[in-house]
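For the record, the sequence lines run as chains A and B. Residue 143 in the UniProt record's numbering sits at position 143 of the first sequence, and the numbers go up by one each step. Residue 40 in the UniProt record's numbering sits at position 40 of the second sequence, and the numbers go up by one each step. For reference, the structure is listed below as C-alpha cells.
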Amino acid sequence: MVIHIKDLNKTYQGAQPLHVLKGINLDIERGEFVSIMGASGSGKSTLLNILGILDNYDTGEYRLGGELIWNLSERRAAEYRNRMIGFVFQSFNLISFKTAVENVELPLYYQGVGRRERRRRAMDYLDRLGLAAWATHYPGEMSGGQRQRVAIARALITRPELILADEPTGALDSKTSVEVMQLLKELNEQQGMTIVVVTHESGVANETNRIVHIRDGVIGLIEDNHDHHASPFGAGGLMK
Amino acid sequence: MRDIFTEIWATARRNKLRTALTGFSVAWGIFMLIFLLGAGNGLINAQMQSTDRYLASSMVAFGGRTSKPYSGLGSGRGISLREQDMATTDSVFAGVVGDVGAVYDHGGVTLSAGANYMAGQTLSGVYPVDRDINKTEVVEGRFINDIDMRERRKVAVISEDQARELWPHGGSPVGKYVKADGLMWRVVGVYRGDGMMKASDVYCPHATVCAIYSTDSRVGNIEFTFDGLETEQQNNDFEADYRAKLNLNHSAAPDDDNAVWLWNRFMDNIQMARGMGILRTALWVVGLLTLLSGVVGVSNIMLITVRERTREFGIRKAIGARPWSILRLIIIESVVMTTLFGYVGMLCGIAANEYMNATIGRTEVDTGLFKATMFVNPTVGVDVCIEATLVMVLAGTLAGLVPARRAARVRPIEALKEN
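Shown next as C-alpha cells:
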C-alpha cells in the first residue's frame, strides 16, 4: 500500500476556524492511477498538500509507503518529498533560469548525486519523454506541453513511490492535455507508477482508473472507472 | 560547490545592473579601506623614517634659561652646561646612563682648501658616541675616535657636500687638509649628509674644539645613551631626577623645567608610536564604516532578491531542498559577491596606492632648511590584504544572514499558490 489515510482531520485556524478535512479515509495501492475530484473549496488541494508533505494535519493517520508522516522536521519532510514523491504542478513550476536538463537534475542535486551521473540520468529521462533535443533550452523557449513533460521528467527522476499531479492539464490546451494524460497513463501502465491526479475536470478524471469524489471535506463517492470510453468526456480524447 | 557557483552566476547574470550596483558599493568600501590605510602607512612610514634618524634610547640636554627665582638668584638667568654636568651625568646616574658625550658647536666658520671655500659652516666638537646617537653614516675614512679626543688632534670628518665643494675635481679628501678660520684640520673621514642642516657640520674631537673655542669649561649640549628605561613612568621619573640634579649644579630650582631642556628620543618614540596607533585605528574605523554601507547595500539587494525568488525557493523545497541548502545558497551567494567585488576594490586600492607611491611618494618637501618626504611607501602589506579578505568574507556572511534566513523559511505551499 502506498497511501494509507485514516480518519484525517484538518482545520485552518483563524478568526473563524475552517474545518476543511473532516475524517478522510483513503487507501491507494501500488500501481494505481487515481484521481481526486472536487470543486474548489472542497478540500482537495488541502488533501493534496498533506499527501505531498507540504502541510500538516491535525488528527488521524497518514502513512506513505508504510512510513508514518507525522510531525516531521523540515529537514525530514524535505528528504521524504525528495525520495518518495514526484510533483507535477499546474503551472509547471520549472526554474526559469535553468535549462530543461538542469531542471530535471535538481532533485538529484539535493540527493547529493554527482554532476556527471545527474546529467546522464536527466538526459535519459528527457530522451524517454522525447525532449532530448530540447535539453539545453530554457523553459521560456518551450511550449506548455513541453514544459509539462520536463516537469514530469523531473518528477520521475528520483524513482518516487508516488507521482502527485495537481491539475496537470490546467494550463494546457485540449490537445496537449490529452497528450499529457496519455503520458501519465503510459507511465502507470508500462512502469507501474502510482499516480494521483487532483482535478476538477471530469474529462481528466475519466482517464484514471479510480475517481475519488470529495465534497465539503468528506469523501463522497469512490468509483471504479476501467472503461475509459464509457464516459462521453473521454470520447475522442475530448476532455474540456 | 561548482553547482553553487553556476547558480550564483545564473542569478548574477540575470540582474546585471543590480549586481553591478551592489558590487560597486562593496568595491568602493574596500577601495576606501585599502586606500586610507595605504595613505596612513605613507604618513606613518615618513614619520618613522624621521624618528629613526636618532638612536631611540638617547637623550640630549641643552642649557636654557631659569624661569623662577631660587636661592637668592632671580629668574631669567642663562644656563650653560659645563664639565661638572657631564661628570654628574656619568657618575650620579651610572646605573642608567651608558656613554656620555657632548656637542660643542662653533658656527660661522669658513672652510677652504686651495682656492675653494665654503662659508657658514659649523665646527661641531663631538665625542665618538655621537656617531651612534645621531646615526651618522661614514662613507669614507673613519669617525672621531678616543685617541683623537685624548690627544686633542685637529682632525675633521666632513660631509659629502663639503667634500664636493672643496675638492670639485674628485679624489679622496681623506688625508688632505682643510682650513677653518685660520687653523688647519686633517680630514679623516667623510659622512653622508642628509640634505638638511647636518650637511654643514664638520665633526671634530670635542676636546680639541673646546680647547680652542670654549671658555669657562662650557661643553655645549650633553648627549648620552641610556638603558633600562622601559616605561613612560620610568622615563618621566628619570627626567625629573636628572633635571633636578643638573639644576642644582647651576643653583636653579630643581623643578624648573626651563633651566635645562631635555630631548628624550625614547619618549618621542613612545608618543609617536601611540599617535601612529591612533591614526591607524581611526583609518580602520573610517574604512570599515564605508564598507558597512556597502554591506547594508548587499543585504538590502539580497532581501529583494529573496523576495523575487520566493517561488523558486518554494519549488526547490517541494522537490527536496532542505532549509540548510537554501540558507547555504544565499549566504555563499552573498559571500561570493562581496568577496569578488571586494577583491576588485582591493586591487583598485592597491593600484591607487602604487600610483601615489610613484607620484607624491617620491616628492620631497623642500623648506630651504631641510628636505622631508611626506609619504614614504604609502602601501599596505599582505597582512592588511588578508585582514581585508577576512573582513569581506565576514561582511558577506553578515549581509547574507538575514535574507538567507528569510529564504530558508519560505513555505512551499505559500510559494506554490497559483497567482
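All C-beta atoms in this analysis are idealised placements derived from N, C-alpha and C, irrespective of residue type, glycine included. Just so it is clear, the structure is predicted and the values come from calculations on it, not from any experiment.
Just to check my reading of the structure: residue i and residue j have Cβ atoms closer than 8 Å, yes? What is that Cβ distance to the nearest angstrom?
{"i": "D227 (chain B)", "j": "V100 (chain B)", "result": "In fact, because the Cβ distance is near 13 Å, the residues do not count as touching under 8 Å."}
{"i": "Y125 (chain A)", "j": "V104 (chain A)", "result": "6 Å"}
{"i": "V150 (chain A)", "j": "A78 (chain A)", "result": "Actually they are not in contact, since the Cβ atoms of V150 (chain A) and A78 (chain A) sit about 22 Å apart, beyond 8 Å."}
{"i": "V129 (chain B)", "j": "Y191 (chain B)", "result": "Actually they do not touch by this definition, with Cβ atoms about 15 Å apart."}
{"i": "G98 (chain B)", "j": "T225 (chain B)", "result": "4 Å"}
{"i": "I53 (chain A)", "j": "L68 (chain A)", "result": "At roughly 12 Å, the Cβ-Cβ gap does not stay under 8 Å, so I53 (chain A) and L68 (chain A) are not in contact."}
{"i": "V157 (chain B)", "j": "V188 (chain B)", "result": "6 Å"}
{"i": "T338 (chain B)", "j": "A399 (chain B)", "result": "6 Å"}
{"i": "S217 (chain B)", "j": "R82 (chain B)", "result": "5 Å"}
Closer than 8 Å by beta-carbon distance: list the chain B residues that pair up with residue i, in chain order.
{"i": "D55 (chain A)", "result": "I413"}
{"i": "P107 (chain A)", "result": "I319, G320"}
{"i": "R154 (chain A)", "result": "I319"}
What residues from chain B crowd round residue i, counting only those whose CB sits closer than 9 Å?
{"i": "L47 (chain A)", "result": "Neighbours of L47 (chain A) on chain B: none; closest Cβ ~13 Å, over 9 Å."}
{"i": "R75 (chain A)", "result": "R322, P323, W324"}
{"i": "N82 (chain A)", "result": "I319, G320, A321, R322"}
{"i": "Y110 (chain A)", "result": "R316, I319, G320, A321, R322, S325"}
Applying a beta-carbon distance threshold of less than 9 Å, which residues of chain A neighbour residue i?
{"i": "P378 (chain B)", "result": "Near P378 (chain B) there are no residues of chain A at all, since even the closest Cβ is about 44 Å away, more than 9 Å."}
{"i": "R406 (chain B)", "result": "Simply none; closest approach about 14 Å."}
Of all Cβ atoms in chain B, is any one closer than 9 Å to the Cβ of residue i?
{"i": "E79 (chain A)", "result": "yes"}
{"i": "G52 (chain A)", "result": "yes"}
{"i": "T158 (chain A)", "result": "yes"}
{"i": "L172 (chain A)", "result": "no"}
{"i": "F89 (chain A)", "result": "yes"}
{"i": "R116 (chain A)", "result": "no"}
{"i": "R63 (chain A)", "result": "no"}
{"i": "K98 (chain A)", "result": "yes"}
{"i": "V20 (chain A)", "result": "no"}
For residue i, count neighbouring Cβ atoms within 10 angstroms of its own Cβ and tell me buried if that reaches 16, exposed if not.
{"i": "R115 (chain A)", "result": "exposed"}
{"i": "S45 (chain A)", "result": "buried"}
{"i": "N45 (chain B)", "result": "buried"}
{"i": "L187 (chain A)", "result": "buried"}
{"i": "W324 (chain B)", "result": "exposed"}
{"i": "L164 (chain A)", "result": "buried"}
{"i": "L17 (chain B)", "result": "exposed"}
{"i": "I386 (chain B)", "result": "exposed"}
{"i": "N225 (chain A)", "result": "buried"}
{"i": "H106 (chain B)", "result": "buried"}
{"i": "L327 (chain B)", "result": "buried"}
{"i": "W9 (chain B)", "result": "exposed"}
{"i": "D173 (chain A)", "result": "exposed"}
Establish whether the CB of residue i and some CB of chain A are separated by less than 9 Å.
{"i": "S325 (chain B)", "result": "yes"}
{"i": "E387 (chain B)", "result": "no"}
{"i": "D383 (chain B)", "result": "no"}
{"i": "D52 (chain B)", "result": "no"}
{"i": "T19 (chain B)", "result": "no"}
{"i": "G275 (chain B)", "result": "no"}
{"i": "R328 (chain B)", "result": "no"}
{"i": "I315 (chain B)", "result": "yes"}
{"i": "E312 (chain B)", "result": "yes"}
{"i": "R14 (chain B)", "result": "yes"}
{"i": "T359 (chain B)", "result": "no"}
{"i": "R307 (chain B)", "result": "no"}
{"i": "R2 (chain B)", "result": "yes"}
DSSP puts residue i in a beta bridge; with which residues?
{"i": "C385 (chain B)", "result": "Answer by DSSP bridge pairing: none, since C385 (chain B) is not bridged."}
{"i": "I214 (chain A)", "result": "A:I219"}
{"i": "residue 246 (chain A)", "result": "Absent from the structure is residue 246 (chain A), since the part of chain A shown begins at 1 and ends at 240."}
{"i": "I222 (chain B)", "result": "B:A61, B:A102"}
{"i": "C204 (chain B)", "result": "B:G125"}
{"i": "K22 (chain A)", "result": "A:N9"}
{"i": "N116 (chain B)", "result": "B:A113"}
{"i": "F33 (chain A)", "result": "A:I195"}
{"i": "R82 (chain B)", "result": "B:R218"}
{"i": "F87 (chain A)", "result": "A:L164"}
Mind pulling the chain A residues with CB within less than 8 Å of residue i?
{"i": "T22 (chain B)", "result": "Those do not exist, as T22 (chain B) stays about 18 Å from chain A at its closest Cβ, beyond 8 Å."}
{"i": "T11 (chain B)", "result": "F97"}
Starting from the beta carbon of residue i, find every residue of chain B whose beta carbon is closer than 7 Å, and list them in chain order.
{"i": "N93 (chain A)", "result": "I315, L416"}
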